[in-house]
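Just add 6 to the spot in the sequence shown (first one is 1) and you have our numbering.
Every residue gets a Cβ at the ideal spot worked out from N, C-alpha and C, and that includes glycine.
Below is one structure, written out as structure tokens, with a few remarks after it.
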Amino acid sequence: LFSAIEMAPRDPILGITEAFNADTNPAKINLGVGVYYDDNGKVPLLACVQKAEAILIEQAAPRTYLPIEGLAAYDKAVQELVFGADSAVIQERRAITVQAIGGTGALKIGADFLQRFAPGAQVYISDPSWENHRALFESAGFVVNNYAYYDAATHGVNFAGMLADLKAMPRGSVVLLHACCHNPTGADLSSAQWDEVIAAVSAGGLVPFLDMAYQGFGAGIAEDGAVVRRFAAAGGPLLISNSFSKSFSLYGERVGALSVVAASAEEAGRLLSQLKRVVRTNYSNPPVHGGKVVATVLTTPELRQLWEEELAGMRVRIKEMRDAFVKKLKEKAPEHDFAFVRDQVGMFSYSGLSKAQVEQLRAQSIYAVDTGRICVAALNSRNIDIVIDAIAKVL
Ligand code: PLP
Ligand code: TYF
Numbered sequence: 007l008f009s010a011i012e013m014a015p016r017d018p019i020l021g022i023t024e025a026f027n028a029d030t031n032p033a034k035i036n037l038g039v040g041v042y043y044d045d046n047g048k049v050p051l052l053a054c055v056q057k058a059e060a061i062l063i064e065q066a067a068p069r070t071y072l073p074i075e076g077l078a079a080y081d082k083a084v085q086e087l088v089f090g091a092d093s094a095v096i097q098e099r100r101a102i103t104v105q106a107i108g109g110t111g112a113l114k115i116g117a118d119f120l121q122r123f124a125p126g127a128q129v130y131i132s133d134p135s136w137e138n139h140r141a142l143f144e145s146a147g148f149v150v151n152n153y154a155y156y157d158a159a160t161h162g163v164n165f166a167g168m169l170a171d172l173k174a175m176p177r178g179s180v181v182l183l184h185a186c187c188h189n190p191t192g193a194d195l196s197s198a199q200w201d202e203v204i205a206a207v208s209a210g211g212l213v214p215f216l217d218m219a220y221q222g223f224g225a226g227i228a229e230d231g232a233v234v235r236r237f238a239a240a241g242g243p244l245l246i247s248n249s250f251s252k253s254f255s256l257y258g259e260r261v262g263a264l265s266v267v268a269a270s271a272e273e274a275g276r277l278l279s280q281l282k283r284v285v286r287t288n289y290s291n292p293p294v295h296g297g298k299v300v301a302t303v304l305t306t307p308e309l310r311q312l313w314e315e316e317l318a319g320m321r322v323r324i325k326e327m328r329d330a331f332v333k334k335l336k337e338k339a340p341e342h343d344f345a346f347v348r349d350q351v352g353m354f355s356y357s358g359l360s361k362a363q364v365e366q367l368r369a370q371s372i373y374a375v376d377t378g379r380i381c382v383a384a385l386n387s388r389n390i391d392i393v394i395d396a397i398a399k400v401l
């Protein structure tokens, strides 16, 4: 049985981390994977998380199974964060939320759920998108297509192309949209462009699936969530996957959620029963710790305040690195214009570096993705000059 099985391809991003780990150069720099590092180059353990964990240890609660849909306090807090506490979909009990194993787990629950009830639907993801989007929906049984998104010439969004593709999709298609901080490009839609997207999705009878893995890394927690609220207000079916991997720096705890908006409270009850079936047949129920930490922080006013400050700190530091990157490259390579890096949003930038240039960087122990994606959140005051010098050299 096993002798004929071939090697599966490596994840192109996690593969970079493997190569980075194997590099013995002590000065190596990893701009590949999407992880936030502080100015000391360390993945932070947030103070709000430490304080919540101290409370939980004090409680010494037994580790019983959670309900299939997860911790009730967590699901409620996530809903209020994602839709806004005063949201009509919450008040009308039309929103349901299930705790998930990270944002990835949320996408997979959503994909399996959709496959069950819309097996023939086409799925559309942005060109380009997070690598795992295609693989996740294909593994759930869908045909996955691209819609136009990135324009390499402007380093921004090819909005005319995107809108034309949205308008050409068959009714009932599932369209996966990055709610904020587009991965991998860093190019987001403007508020006016979102209006047009929402109108096209409604008019075309499409099923929007919003992936929000970076809430708070763009303009702010509420600002980044506004897109979700606008879709919810527009009516129609809606799915949202969200992740706390980055915004709580809880990568390995695997904390995320899937929310679905139904047409009525009665419909919501039926959808929840089906989502629970998907969860039950995959892993029965989610883990306790990460969900309790996030719920404790979100529902304890002092900790919530602290989290918002810490998240703002991460957001501001990334923006400072964008500024420094542009300024320093202007000095070292004045014939090249990198001003667009300042306009890009979130952890990533499609830098415009070619595969050959990325390979030359790698020879100097600086790791980026072959597509030219760099994680701006991995730059810091100590490594930025090294990175800038190396980029100026390969340009
Ligand atoms: N969606 C996008 C766009 C991402 O960049 C990520 C990154 O990890 C995820 C989903 C998955 O989130 P998680 O790490 O919580 O599974
Ligand atoms: O895009 C990134 O770098 C992050 C982390 O299979 C990641 O989203 C990358 C690949 C993957 C899982 C997470």
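Neighbourhood of Arg236 by C-beta, 7 Å cutoff - its chain only, sequence neighbours within 5 removed: Trp200 and Ile204
Any non-hydrogen atom of the ligand TYF within 6 Å of Asn189 CB: yes
Three-state secondary structure assigned by DSSP to Cys186: coil
Contact test: Leu20 Cβ vs the ligand TYF heavy atom, cutoff 6 Å: yes
Under the three-state DSSP convention, the category Met218 falls into: strand
Option in Gln363, Met353, Glu337 and Ser357 with minimal Cα separation from Phe346: Ser357
Run of the beta strand (DSSP E) containing Arg379, from where it starts to where it stops: Arg379 to Cys381
Run of the beta strand (DSSP E) containing Thr191, from where it starts to where it stops: Segment: none, Thr191 is in no beta strand (DSSP E) and carries neither H nor E.
Val39 Cβ short of 6 Å to the ligand TYF heavy atom set: yes
Counted within 10 angstroms of its Cβ, other Cβ atoms place Ser5 as buried (16 or more) or exposed: Absent from the model: residue 5. The displayed extent of the chain is 7 to 401, so no value can be given.
Proximity of Lys282 and Glu75 at Cβ, strictly below 7 Å: yes
Buried or exposed (CB count within 10 angstroms, at least 16 for buried), Leu7: exposed
Cβ neighbour criterion (16 or more within 10 Å) applied to Pro214: buried
Assigned secondary structure, Phe354 (DSSP; H/G/I helix, E/B strand, else coil): strand
Exposure label - Arg321; buried when at least 16 CB within 10 Å: buried
Range covered by the beta strand (DSSP E) that runs through Val266: Val261 to Val267
Whole alpha helix (DSSP H) elements within the region 80-164, 4-residue minimum: 94-97, 108-123 and 137-145
Sub-7 Å separation of Arg328 and Ile107 beta-carbons: no
Glu337 versus Arg368, Ala240, Asp395 and Glu144, residue with shortest Cα-Cα distance: Asp395
For Ile19, three-class secondary structure by DSSP: coil
For Tyr373: DSSP bridge partner residues: Asn36
Residue of Lys325, Lys298, Val95 and Glu315 minimising C-alpha distance to Ala66: Lys298
DSSP beta-bridge partners of Leu245: Phe215 and Val266
Same chain only: Cβ atoms within 8 Å of Cys187, ignoring 5 sequence neighbours per side: Asp194, Ala219, Tyr220, Phe223, Gly224, Asp230, Val351, Gly352, Met353 and Phe354
Within 7 Å, strictly: CB atoms of Val284 and Phe119: yes
Straight-line Cα distance separating Leu182 from Ala228: 21 Å
CB of Ala384 within 7 Å of CB of Leu37, strictly: yes
Sequence-distant residues of the same chain with beta carbon closer than 6 Å to His342, five excluded per side: Leu401
CB of Thr103 within 7 Å of CB of Ser253, strictly: no
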